[in-house]
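Enquirer:
Numbering (this note's numbering), first residue to last: 9 to 195.
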């Protein structure tokens with residue numbers, strides 16, 4: 009579980025630190041991007057691989073021949089990988105887990121990244137937000153154990169804490185289940 013403030017770089021870290029290296033290294037990778045489109049994810053990965061600005065790439069504002077060459081080379085490297093993106097919001101955590109399970113049963117997948125938890129409905133109906141968050145984390149953790157993938161990473165926001173306060177694992181949404189099921193919690 010990776011937690012951070014909104015805009016804190018959780019997706020950027022996941023793409024540049026986990027998804028792209030695993031895919032380039034030959035591992036099957038599934039990124040469930042519930043916030044960004046598949047095209048946006050591809051642009052971020054190409055920008056990362058090509059060491060060019062993602063904003064420039066998405067605006068199609070690549071001015072130098074070097075940047076253009078780097079973007080093309082990065083796109084070719086990424087095209088030869090086993091990187092898959094689900095970018096349609098699920099109805100519930102159960103439907104997301106079913107999609108992931110189907111994918112992993114059909115395609116050898118070493119890494120699953122779910123970005124991000126706040127867009128996943130628990131399917132429990134109305135009620136306590138903490139109970140919903142814990143149910144989502146628990147359901148994803150149980151799915152991950154059944155799948156036998158190398159890693160399943162869930163990106164989530166922190167609960168509202170003052171800027172001057174250092175966050176702790178208890179500040180992560182779904183922290184009760186995260187502490188019970190997660191092997192690693194990073195902030």
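Positions of the beta carbon are idealized from the N, C-alpha and C atoms, including for glycine. Keep in mind that this is a model prediction, so the values were computed, not measured.
1) Around the C-beta of residue 119, are 16 or more other C-beta atoms found within 10 angstroms, so that it is buried, or is it exposed?
2) State the Cα-Cα distance for the pair residue 153 and residue 15, rounded to the nearest angstrom.
3) Which runs of the alpha helix (DSSP H), 4 residues or longer, sit entirely within the segment 98–131?
4) Can you give me the start and stop residues for the alpha helix (DSSP H) that residue 48 sits inside?
5) Whole-angstrom Cβ separation of residue 46 and residue 93, contact assumed at under 8 Å?
6) Would the segment 129–139 and the segment 78–92 be scored as touching if the rule is three or more Cβ pairs under 8 Å?
7) Would you mind sorting residue 52 into buried or exposed? The rule is 16 or more other CB atoms within 10 Å of its CB.
8) The alpha helix (DSSP H) with residue 145 in it runs from where to where?
9) Could you tell me the boundaries of the beta strand (DSSP E) in which residue 26 lies?
10) Between residue 31 and residue 90, which are expected to be in contact by the criterion C-beta below 8 Å, what is the C-beta distance as a whole number of angstroms?
11) On the three-state DSSP scale, how would you describe residue 83?
12) Is residue 32 helix, strand or coil when you go by DSSP?
13) For residue 103 and residue 74, I'd like the C-alpha separation in whole angstroms.
14) How is the beta strand (DSSP E) around residue 42 delimited, first residue to last?
15) If you drop the 5 nearest sequence neighbours on each side, which residues of the same chain put their C-beta closer than 7 Å to that of residue 28?
16) What is the rounded straight-line gap between the Cα of residue 121 and the Cα of residue 66?
17) Could you pull out every residue in the same chain whose Cβ sits closer than 6 Å to the Cβ of residue 160, ignoring the five residues on either side in sequence?
Expert: Well, looking at it:
1) buried
2) 30 Å
3) 101–114
4) 46–58
5) 4 Å
6) no
7) buried
8) 137–155
9) Looking at the DSSP string, residue 26 is not in any beta strand (DSSP E), and its letter there is neither H nor E.
10) Yes, residue 31 and residue 90 are in contact; Cβ-Cβ is about 6 Å, under 8 Å.
11) Residue state, collapsed to three classes: helix.
12) helix
13) 43 Å
14) Counting along the chain, residue 42 falls outside any beta strand (DSSP E), and DSSP gives it neither H nor E.
15) 53, 56, 57
16) 22 Å
17) 120, 152
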